[in-house]
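Residue numbers (this note's numbering): 455 to 874.
Note that beta-carbon positions come from the ideal geometry of N, C-alpha and C, so glycine has one too.
Keep in mind it's a predicted model, so treat the numbers as computed, not measured.
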C-alpha cells in the first residue's frame, strides 16, 4: 500500500516527517509523490502565519477532491478553527506530541505487522536530527507556544546514537533542529546545547554539524568559542531577529533590545568567514517608519548572506492580534518589498567577498548543467558539469565534499571551479 507525505513549515516538522517516513517504511508502506494513488495521505501542518494555514487548508481540499477514498491525516500545528472547518474531510487529527506513536495507531487500524529485510532507503545528503521541541517564550505575535507548549529535550544518548548511525550510513552533514534549540537541556548528563555539540564532535569523525534557527541571546561565549575552535561546526548561523527597533522588540516580547543585537553581531563577526542569515517581520502593530528605518539600517550594516522577510499577520490567541495600532496592508507590502530588495543588495555584496577564495563544498544534486551544493558557511555553489572532466574522473559527485574555487555570482549563489 502507498503513503503520501506533505510537509509544511519548519525544519522540525521536516525532521518529524522523516522519522515517520522511516517508521512507515518499516511497516512495508511504499512512499509515493502522487497523492491520488495513496491509501494514506499525511499532511504535517503549519499555521505560524495566515498564509501557511491557508496553504494547509488548500492541500486538504485538493487531496479530498482528487482522492476522497484515502485515509487523510493532518498532524502537527493546527488551530481549532481549522479542525472545525475541515472535520468532514479529515479522518484523523494528530497533535504534535502524538506523532511518535502514529505508526502504531495506523498499524492497528490497517492490521499491518512490521516487516524485516526491506530494501535500503535512499537517503538525502543532509540529515535533520530532532533534538528538542517546544517553546515558552510567548512572543506577542507567535502562535507556536500554543501548539508546542511543553519543553522536551531528547536524551543525549538517543541523539548521539542517531548521529553516529547517520555517519555510518554515509551522511556528510547533520542539521540539529527543534522549535527552539537554544533551550536544549539534558538533565541526566547536565549538558546544554554547547555540551551536546562537544559530545557529538568527540563521538563522530568527519561529519559537518549545522545548527538551525537560534534566538540571538542564546548565542553564548562558549558556543562562539567552540565554533571558532572546530571547523566541523558549520560557520553559518540563522538568527530569529524580527526587528532592530527596541520599541517594537519590547511589544513583540522578544526579551532583548537593539543594543543587544549589535553586541551579538559584533561578537559573531570575529569568527572567520562566518555567514549569518536572519528572519525579520515588517508591519508589526505600532511599527512606525522610523522603527522600520532602524531595521533597514541594521540589515545594511549586518552583512547578512540572506534575510527572510515576513509581513505581520495576526494569529488567534496571541496578544498582537488585539493590538490597535495596525499598519495598513499596503504599507506592510511596501516595507516588505523595500527590505527584500535591500536584503538582496546586501547578500550580493557578501557573496562578492568570497570571490576567488577556495572553499570545501558538499555536493548534493545535479540540476540541468550544474552540480549544486553548499559550503560550511552556507554559500550555494554551482559547478558546470562540462568542466568536471578536467579534474574529476567520477560522473556522480553526489554526497562528496570537494575543494572549489569561487569565480562569479550566479543564480542566487556563486559559480565555482573544481580544484585538483
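Please work out which residues of its chain come closer than 8 Å, Cβ to Cβ, to residue 820, disregarding the five sequence neighbours upstream and downstream, and give them in chain order.
826, 839, 851 and 852
The alpha helix (DSSP H) that contains residue 612, what's its start and end?
610 to 623
How far does the alpha helix (DSSP H) with residue 751 in it extend, from its first residue to its last?
743 to 756
Under 8 Å between C-beta atoms of residue 510 and residue 581
no
Closest by CA to residue 795, which one among 753, 781 and 744?
753
Of the residues 806, 646 and 544, the one placed nearest residue 875, counting alpha carbons only
Any question about residue 875 goes unanswered here, given that the chain covers just 455 to 874.
Simplified DSSP assignment, three categories, for residue 776:
helix
Put residue 575 into one of helix, strand or coil per three-state DSSP.
Reliability fails at residue 575, whose pLDDT of 47 lies under 50, so the model's placement of it is uncertain and no value is given.
Start and end of the alpha helix (DSSP H) containing residue 511?
504 to 520
Can you list the beta strand (DSSP E) stretches of 3 or more residues lying completely in the segment 640 to 707, in chain order?
662 to 665 and 690 to 696
State yes or no: is the C-beta of residue 600 within less than 8 Å of the C-beta of residue 791?
no
Measuring only the C-alpha atoms, how far is residue 571 from residue 609?
With a pLDDT of only 42 at residue 571, under the threshold of 50, the placement of this residue in the model should not be trusted; the figure read from the coordinates follows. Distance between the alpha carbons of residue 571 and residue 609: 29 Å.
So is residue 782 buried or exposed if we call it buried at 16+ other beta carbons inside 10 Å?
exposed
Name the one or two DSSP bridge partners that residue 528 has.
497 and 547
How long is the line joining the alpha carbons of residue 769 and residue 535, rounded to whole angstroms?
12 Å
Please state whether DSSP places residue 590 in a helix, a strand or coil.
coil
For the structure I just gave you, are there three or more beta carbon pairs, one from the segment 648 to 663 and one from the segment 709 to 719, closer than 8 Å?
no
Tell whether a beta-carbon distance below 8 Å holds between residue 682 and residue 745.
no
Rounded to the nearest angstrom, what separates residue 636 and residue 698 at their Cα positions?
21 Å
Grab the span of the beta strand (DSSP E) containing residue 552 for me, first residue to last.
First-last for residue 552: undefined, no H or E at that position.
Residue 607 in three-state terms, based on DSSP:
strand
So, helix, strand or coil for residue 570, using DSSP?
Below a pLDDT of 50, predicted positions are generally treated as unreliable, and residue 570, at 47, falls in that range; the measurement from the model is reported next regardless. Residue 570: coil per DSSP, three-state reduction.
How close, in whole Å, do the beta carbons of residue 527 and residue 497 come, if the pair is a contact with beta carbons under 8 Å?
7 Å
Residue 467, enclosing alpha helix (DSSP H) - first and last residue:
465 to 480
Between the alpha carbons of residue 696 and residue 501, how many angstroms are there, rounded?
18 Å
Going straight from the alpha carbon of residue 560 to that of residue 493, what length do you get?
12 Å
CA-to-CA distance, residue 841 to residue 849, given in whole angstroms:
11 Å
Leaving out the 5 sequence neighbours to the left and right, which residues in its chain are closer than 7 Å to residue 867 when beta-carbon positions are compared?
833, 834, 835 and 836
Is the beta carbon of residue 667 less than 8 Å from the beta carbon of residue 694?
yes
Please determine if the segment 458 to 478 and the segment 720 to 740 are in contact, where contact requires at least 3 C-beta pairs separated by less than 8 Å.
no
What residues match up with residue 731 in a beta bridge as DSSP calls it?
692 and 760
Spatial neighbours of residue 885 in its chain, beta-carbon cut-off 8 Å, leaving aside the 5 residues before and after:
No information on residue 885 is available, as it lies outside the stretch 455 to 874 that the chain covers here.
To which residues does DSSP link residue 596 through a beta bridge?
DSSP output for residue 596 lists no bridge partner at all.
With the cut-off set at 8 Å, would you say residue 764 and residue 735 are in Cβ contact?
yes
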